[in-house]
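**Q**
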Amino acid sequence: MAGIIASIGASIATNFACCVADLKHPSSSTGRQTLSCCFSMCGARNSSASRIGYAVMFVLTSLLAYASTSDWFEDTIDKWSFGYLKLQCPHGSCYGTLSVYRICLANSTLHAILAASLYNVTSSRDWRANIQNGYWAVKTALWFGLIVLCFFIPNSIILGWAISFASVGAFLFILVQIVLLIDFAYTISEVLLEWWEATEERKFLVVLIGLTFTAFLVSLIATGLMYAWFGPAPCHMNQFFITFNLVLCVIVTLISIAPAVQEVNPKSGIAQASMVVLYATYLIATSVSSAPDQVLEDGTRCNPLVDNEGTRTTGIMLGALFTFCSLAFTTTRAAVQSNVMGGAAVGGGGGEVNAPLLSSQPSAGRNMHLNDAVEAGAIRPSSLSDPDDEMDDEADGVSYSYTFFHIIFMLASYYLAELITNWEVLTLDDGTGQSEVEKGWSAVWVKVVSSWIVILLYGWTLVAPIVLPDRDW
2 MAGIIASIGA
12 SIATNFACCV
22 ADLKHPSSST
32 GRQTLSCCFS
42 MCGARNSSAS
52 RIGYAVMFVL
62 TSLLAYASTS
72 DWFEDTIDKW
82 SFGYLKLQCP
92 HGSCYGTLSV
102 YRICLANSTL
112 HAILAASLYN
122 VTSSRDWRAN
132 IQNGYWAVKT
142 ALWFGLIVLC
152 FFIPNSIILG
162 WAISFASVGA
172 FLFILVQIVL
182 LIDFAYTISE
192 VLLEWWEATE
202 ERKFLVVLIG
212 LTFTAFLVSL
222 IATGLMYAWF
232 GPAPCHMNQF
242 FITFNLVLCV
252 IVTLISIAPA
262 VQEVNPKSGI
272 AQASMVVLYA
282 TYLIATSVSS
292 APDQVLEDGT
302 RCNPLVDNEG
312 TRTTGIMLGA
322 LFTFCSLAFT
332 TTRAAVQSNV
342 MGGAAVGGGG
352 GEVNAPLLSS
362 QPSAGRNMHL
372 NDAVEAGAIR
382 PSSLSDPDDE
392 MDDEADGVSY
402 SYTFFHIIFM
412 LASYYLAELI
422 TNWEVLTLDD
432 GTGQSEVEKG
442 WSAVWVKVVS
452 SWIVILLYGW
462 TLVAPIVLPD
472 RDW
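Structure below.
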């Protein structure tokens, strides 16, 4: 066992050493070779390796932002700055919130710079493509430098960013997540049905039925628990949230199996509806569980779990782990499938060039010209197997919009800031420069409205072909 672990460790160390070996020359060829070395263990091509690299960087940002809410981070910053860096928090109550804002601001700024720099890049032949796929040492240094710089920005500017940009950007990212969730619900059910029809193997049908049944069952159990814990008789607001969500879920499920809907879209059904219902119920559950506690005149508490440290810690850990994984996956998938949002044009520019999502081979015309050149003796046959070309799958067109990719990561950074801070509101005391945290209903309403939007948007995808039959759906 020790030998196996040592072998794995040596392999990882070798690949890591390869990644940092050429930091003095992070140019186009070297950048591609370095990235190829980094991801040689998984055989990723150039475009895939770059997306994985940015996803890893985002996960590191998430972990650092979450760690900044601890007392350890505050003590470490104070030690490293020799006591110079002070965020002026009364009793240290808002230190973690301000630290999260600063880290997420730095990450969002990095992706804003990259989005602007890579505008309208159409292929890897554009020298700016090297910025996307190479220069990892430079980008990492810039990321770290921006984080350090943001800790020296005054609190008033940080809070202005949080109120004016982070909250709005976070809500926009939630809308992106909703669109992708609906797209995923349709995709997974259609893929399983196609596999079942193509192979006639019942296991695919069993998986689809199992997922559907489990999603509905978990939703029903969660609804019952919400009524028991958060919906006693005097808590009318929580009762409204839970009941209204239940009614919407029942309505959209019935619509999904309506004969008129099945006629225009035979592949729609309760499989997709179950995933949407589960997600909407999850949003309602997190909203009522994160609401400020209300103690009524008769002693009834509308959020009895607010003071349960064990439950709260477990929920934060599981929620953080789920968030890290889902954000990294969602941002990458969102940028790759930019056509879902209505824009497949490369870089968001005015050109008519579309980014081929799956194309990774040279065009037929290019191959023909190269073969003719080999037959004429103009070039050697070995020139056709350039290692860089084997890894470069974007020579004839980028696989995804670079600008849209980084815009998604920028919005995700906004969402991360609000997520970790639980949408807390900070206010400055006049004349002191100090700030304090105020707990409110912002997080509750954002999640509740998001649950309504996901159900209404899914319902529109069901009835839209009936309402607008002349459009191509």
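In this note's numbering, the protein residues as written are 2 to 474.
Note that CB positions come from ideal geometry on N, CA and C, so glycine has one too.
(1) Could you give the distance in angstroms between the alpha-carbon of residue 167 and the alpha-carbon of residue 454?
(2) Give the range of the alpha helix (DSSP H) segment to which residue 134 is assigned.
(3) For residue 302, does the three-state DSSP call read helix, strand or coil?
(4) Taking the alpha-carbon positions, what's the residue 347 to residue 401 distance?
(5) For the alpha helix (DSSP H) containing residue 144, list its first residue and its last residue.
(6) What's the C-alpha gap between residue 65 and residue 104?
(7) To the nearest angstrom, how far is it from the Cα of residue 14 to the Cα of residue 149?
(8) Confirm, please, whether the CB-CB distance from residue 110 to residue 147 is below 8 Å.
(9) Are the CB atoms of residue 108 and residue 162 nearer to each other than 8 Å?
(10) Under 8 Å: do the stretch 402 to 416 and the stretch 173 to 188 share three or more Cβ pairs, one atom per stretch?
(11) Using 8 Å as the threshold, is the stretch 254 to 266 in touch with the stretch 202 to 212, meaning 3 or more CB pairs across them?
(12) What's the call for residue 285, buried or exposed, on a 16-neighbour Cβ count within 10 Å?
(13) Starting from the Cα of residue 279, find the closest Cα among 424, 458 and 224 and give me that residue.
(14) I think residue 250 touches residue 281, with their Cβ atoms under 8 Å apart; what is that distance to the nearest whole Å?
(15) Restricting to Cα atoms, I'd like to know which of 160, 257 and 293 is closest to residue 238.
(16) Is residue 101 near residue 408, with beta carbons less than 8 Å apart?
(17) In whole angstroms, give me the CA-to-CA distance for residue 444 and residue 221.
(18) For residue 296, name the three-state secondary structure that DSSP assigns.
(19) Which residues in the same chain have their Cβ closer than 7 Å to the Cβ of residue 477, if we skip the five residues on either side of it in sequence?
(20) So for residue 399, helix, strand or coil by DSSP?
(21) How far does the alpha helix (DSSP H) with residue 283 in it reach, from first residue to last?
(22) Among 127, 79, 165 and 191, which residue has its Cα nearest to the Cα of residue 209?
(23) Taking a contact to mean a Cβ-Cβ separation below 8 Å, would you say residue 178 touches residue 51 in this structure?
(24) What residues in its chain sit with their C-beta under 6 Å from that of residue 197, if we drop five residues either side in the sequence?
(25) Please report the straight-line C-alpha distance between residue 232 and residue 96, rounded to a whole angstrom.
(26) Using a threshold of 8 Å, state whether the C-beta atoms of residue 228 and residue 252 are closer than that.
(27) Quick check on the burial criterion: 16 or more other C-beta atoms within 10 angstroms. Buried or exposed for residue 165?
(28) As a quick exercise: from 72, 213 and 58, pick the residue whose alpha carbon is nearest that of residue 275.
(29) Around the Cβ of residue 195, are there at least 16 other Cβ atoms within 10 angstroms (buried) or fewer (exposed)?
(30) Please report how far the alpha carbon of residue 116 lies from the alpha carbon of residue 140, in whole angstroms.
(31) Using DSSP with H/G/I as helix, E/B as strand and the rest coil, what is residue 470?
(32) Which residues in the same chain as residue 451 place their Cβ atom closer than 6 Å to its Cβ, once the five residues preceding and following it in sequence are excluded?
(33) Buried or exposed: residue 137, going by 16 or more other Cβ atoms within 10 Å of its Cβ?
(34) Under the assumption that residue 463 contacts residue 257 (Cβ atoms under 8 Å), give the Cβ distance between them as a whole number of angstroms.
**A** Looking at the coordinates:
(1) 20 Å
(2) 130 to 134
(3) strand
(4) Note on residue 347: pLDDT 42, under 50, position unreliable in the model; the coordinate value appears next. If you take the alpha carbons of residue 347 and residue 401, they lie about 7 Å apart.
(5) 137 to 151
(6) 8 Å
(7) Because residue 14 carries a pLDDT of 38, less than 50, the predicted location of this residue cannot be relied on, and the following value inherits that uncertainty. Approximately 28 Å, taken between the alpha carbons.
(8) yes
(9) no
(10) yes
(11) no
(12) buried
(13) 224
(14) 6 Å
(15) 293
(16) no
(17) 23 Å
(18) strand
(19) Missing from the structure shown is residue 477; the chain here goes from 2 to 474 and no further.
(20) coil
(21) 271 to 290
(22) 191
(23) no
(24) 205 and 206
(25) 34 Å
(26) no
(27) exposed
(28) 213
(29) exposed
(30) 13 Å
(31) coil
(32) 175 and 284
(33) buried
(34) 6 Å
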